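Visitor: The structure is given below, and queries will be raised subsequently.
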Amino acid sequence: MKPPSPKATAILLMIGAIFCFSVMDATAKALAPRIGTIPAVWARYAGQALVVLILVAPRLKSVARSNYPMLQLARSVLLMFGTLFFFFSVANIGLTEATAIMNINPVIITLGAALFLGEKIGLRRVLGIAAALIGAMIIIRPGSDVFSPYAVLPLIAAFAYSAYNITTRFVGQNEDPWTSLLYTALFGAVIMTIAVPFYWQPLDLVSAGLMCLIAVFGTMSQILLIRALSMGEAGMLAPFAYSGLIFATVWGVVFFNEYPDRYTVIGAVIIVVAGVYVWYRETFGTRASRRLVAAQAKTGNPES
Numbered sequence: 002m003k004p005p006s007p008k009a010t011a012i013l014l015m016i017g018a019i020f021c022f023s024v025m026d027a028t029a030k031a032l033a034p035r036i037g038t039i040p041a042v043w044a045r046y047a048g049q050a051l052v053v054l055i056l057v058a059p060r061l062k063s064v065a066r067s068n069y070p071m072l073q074l075a076r077s078v079l080l081m082f083g084t085l086f087f088f089f090s091v092a093n094i095g096l097t098e099a100t101a102i103m104n105i106n107p108v109i110i111t112l113g114a115a116l117f118l119g120e121k122i123g124l125r126r127v128l129g130i131a132a133a134l135i136g137a138m139i140i141i142r143p144g145s146d147v148f149s150p151y152a153v154l155p156l157i158a159a160f161a162y163s164a165y166n167i168t169t170r171f172v173g174q175n176e177d178p179w180t181s182l183l184y185t186a187l188f189g190a191v192i193m194t195i196a197v198p199f200y201w202q203p204l205d206l207v208s209a210g211l212m213c214l215i216a217v218f219g220t221m222s223q224i225l226l227i228r229a230l231s232m233g234e235a236g237m238l239a240p241f242a243y244s245g246l247i248f249a250t251v252w253g254v255v256f257f258n259e260y261p262d263r264y265t266v267i268g269a270v271i272i273v274v275a276g277v278y279v280w281y282r283e284t285f286g287t288r289a290s291r292r293l294v295a296a297q298a299k300t301g302n303p304e305s
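To convert, take the position in the sequence shown, counting from 1, and add 1; that gives this note's numbering.
The following block contains the structure:
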């Protein structure tokens, strides 16, 4: 039997990472009513910091050295707030609903990259971004009787994650991925360790087990994501991130008896279609433009 190609392996690792993220989110939703959201976030960061420190211990000195210490601090702050807002949202609204709103993250990254990194963005991508935001508004339904302020939290988390990813994209050009992972893990662990005593609740065996699951799956998701991105192009892997919506729906139905309503389904479909369209324009539209420019250069006719 032939082993899977590097591309297939990267896709499987990406889906594995998204699966682990979804399990972590579902576990946080189960844990929050028992001991609160802050201890759940602490478990996520403390566990990751411990594992990362063990893995990089042989070369800790070189990994800890950063070319962009202030940007690493900014990344860490953005990721921590993104995690806090999202964990608070899944504790109070449906898992599918929160995940669907968070899935506008890729299109916000496209907009942010254009605004802050100077990447080109055309009208059709702008329309795709607008469509994704409309999809999020359909799910949130501001002004309606069913509107919940908690539904805004995953939207805020999506903007925080997008800013984190844009900063990571800039830093990653000259930085070891493990350096970035170390900074975010340690910063979150230190800040949440300072905060968690004020919110601590007595633990039973179930709560302790759930905290361990958050730590394990949160760390595994990061490691699998790094491995996936090291074996395959980010553009190729991007659409598979939407598999998280399938996982979230399954966990919501199986463990929390949450069935997404028609507005959530409609909004989620719009967000996914818009995200895949923007990804397609970024990946294949850019390649087609390069081929056209190359053809024009060869013929010497800019109108060809």
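We put the beta carbon where it would ideally sit given N, CA and C, even for glycine.
Here the structure is a predicted model, which means the values were calculated and not measured.
(1) Helix, strand or coil: how does DSSP classify N93 here?
(2) Can you tell me which of A11, V24, I12 puts its alpha carbon nearest to the alpha carbon of V251?
(3) Using the three-state DSSP reduction, which class does A296 fall into: helix, strand or coil?
(4) For G95, which residues in the same chain have their Cβ closer than 8 Å to its Cβ, ignoring the five residues on either side in sequence?
(5) Are the CB atoms of I167 and A242 within a distance shorter than 8 Å?
(6) My output table needs one value for E98: the three-state DSSP class, helix, strand or coil.
(7) Comparing alpha-carbon positions, which option in V255, V279, A239, A269 lies nearest A18?
(8) State the start and end residues of the unbroken alpha helix (DSSP H) segment that holds V274.
(9) Report the three-state DSSP secondary structure of D26 (helix, strand or coil).
(10) Threshold first: 3 residues or longer. Then list the beta strand (DSSP E) segments lying entirely within the stretch 125-178, N to C.
(11) If you count every other CB in all the chains shown that lies within 10 Å of the CB of W280, and 16 or more means buried, which is it?
(12) Since I believe P7 is in contact with G173 (beta carbons under 8 Å), could you give me their beta-carbon distance rounded to a whole number of angstroms?
(13) Would you give the residue range spanned by the alpha helix (DSSP H) that L225 belongs to?
(14) In whole angstroms, give me the CA-to-CA distance for F20 and D26.
(15) Could you spell out the range, first to last residue, of the alpha helix (DSSP H) harbouring N68?
(16) Could you check where the alpha helix (DSSP H) with Y243 kicks off and where it finishes?
(17) In whole angstroms, what separates the C-alpha of L51 from that of L124?
(18) According to DSSP, simplified to helix, strand and coil, what is I110?
(19) Going by C-alpha to C-alpha distance, which of G48, N68, L156 sits closest to I140?
(20) Which term fits G276, buried or exposed, when burial requires 16 or more other beta carbons within 10 angstroms of its beta carbon?
(21) In three-state terms, what does DSSP make of W201?
(22) Would G129 pass as a contact of V108 if the rule is Cβ separation under 8 Å?
(23) Compare the beta carbon distance of Q49 and A209 with 8 Å and say whether it is the shorter of the two.
(24) Would you tell me roughly how many angstroms separate the C-alpha atoms of T111 and L204, rounded to the nearest one?
(25) Would you mind working out which of R76, P198, G219 sits nearest F160, comparing C-alpha positions?
(26) My assumption, with CB atoms under 8 Å, is that Y46 sits in contact with G189. Please give the rounded CB distance.
(27) Where does E304 sit, in a helix, a strand or coil, going by DSSP?
(28) Starting from A58, trace the alpha helix (DSSP H) in both directions and tell me its first and last residue.
Guide: Taking the structure as given:
(1) Taking the sequence shown and counting its residues from 1, the one referred to as residue 93 is at position 92. Coil at N93, not helix or strand.
(2) Translated into the one-based positions of the sequence shown, residue 251 becomes position 250. Answer by Cα proximity: V24.
(3) The count along the sequence shown starts at 1 and reaches residue 296 at position 295. With a pLDDT of 46 at A296, under the threshold of 50, the modelled position of that residue is not reliable, and no figure is offered here.
(4) If you number the sequence shown from 1, residue 95 lands on position 94. Contacts found: G253, F257, E259, P261, T265.
(5) As a first step, residue 242 must be located in the sequence shown, where it is residue number 241. As a first step, residue 167 must be located in the sequence shown, where it is residue number 166. Against a cut-off of 8 Å, the Cβ pair of I167 and A242 comes out as no contact.
(6) Numbered from its first residue, the sequence shown carries residue 98 at position 97. DSSP places E98 in helix when its eight states are reduced to three.
(7) The residue labelled residue 18 in the question sits at position 17 within the sequence shown. Ranking V255, V279, A239, A269 by Cα distance to A18 puts A239 first.
(8) Here residue 274 refers to the residue found at position 273 when the sequence shown is read from its first residue. Element bounds for V274: 263-281.
(9) In the sequence shown, counting from the first residue as 1, residue 26 sits at position 25. If DSSP states are grouped into helix, strand and coil, D26 belongs with the helices.
(10) none
(11) For this step, residue 280 is matched to residue 279 along the sequence shown. Result: buried.
(12) As a working mapping, residue 173 is identified with position 172 in the sequence shown. As a working mapping, residue 7 is identified with position 6 in the sequence shown. Between P7 and G173 the Cβ distance is about 20 Å, and since that is not below 8 Å, they are no contact.
(13) The residue labelled residue 225 in the question sits at position 224 within the sequence shown. 206-232 is the extent of the alpha helix (DSSP H) around L225.
(14) As a working mapping, residue 20 is identified with position 19 in the sequence shown. As a working mapping, residue 26 is identified with position 25 in the sequence shown. When rounded, the distance between both Cα atoms is 10 Å.
(15) The residue labelled residue 68 in the question sits at position 67 within the sequence shown. Neither: N68 is in no alpha helix (DSSP H) and is coded neither H nor E.
(16) Looking up residue 243 in the sequence shown gives position 242. Y243 -> no alpha helix (DSSP H), and no H or E assigned at all.
(17) Taking the first residue of the sequence shown as position 1, residue 51 is located at position 50. Taking the first residue of the sequence shown as position 1, residue 124 is located at position 123. If you take the alpha carbons of L51 and L124, they lie about 45 Å apart.
(18) By 1-based counting over the sequence shown, the position of residue 110 is 109. Three-state result, I110: helix.
(19) One-based indexing of the sequence shown puts residue 140 at position 139. It is L156 whose Cα lies nearest to the Cα of I140.
(20) The residue labelled residue 276 in the question sits at position 275 within the sequence shown. Buried, because 16 or more other Cβ atoms sit within 10 Å of the Cβ of G276.
(21) Against the sequence shown, residue 201 aligns to sequence position 200. Note: W201 maps to coil in three-state DSSP.
(22) Along the sequence shown, read from residue 1 onward, the residue named residue 129 stands at position 128. Along the sequence shown, read from residue 1 onward, the residue named residue 108 stands at position 107. Yes, they are a contact pair.
(23) The residue given as residue 49 occupies position 48 in the sequence shown. The residue given as residue 209 occupies position 208 in the sequence shown. In this structure, A209 does not lie closer than 8 Å to Q49 by Cβ.
(24) Looking up residue 111 in the sequence shown gives position 110. Looking up residue 204 in the sequence shown gives position 203. About 42 Å.
(25) As a first step, residue 160 must be located in the sequence shown, where it is residue number 159. That would be R76, whose Cα lies nearest to the Cα of F160.
(26) In the sequence shown, counting from the first residue as 1, residue 46 sits at position 45. In the sequence shown, counting from the first residue as 1, residue 189 sits at position 188. Yes, Y46 and G189 are in contact; Cβ-Cβ is about 3 Å, under 8 Å.
(27) The count along the sequence shown starts at 1 and reaches residue 304 at position 303. Legend: pLDDT at E304 = 46, less than 50; position of this residue unreliable, no value from coordinates given.
(28) Numbered from its first residue, the sequence shown carries residue 58 at position 57. From DSSP, A58 is part of no alpha helix (DSSP H); its letter is neither H nor E.
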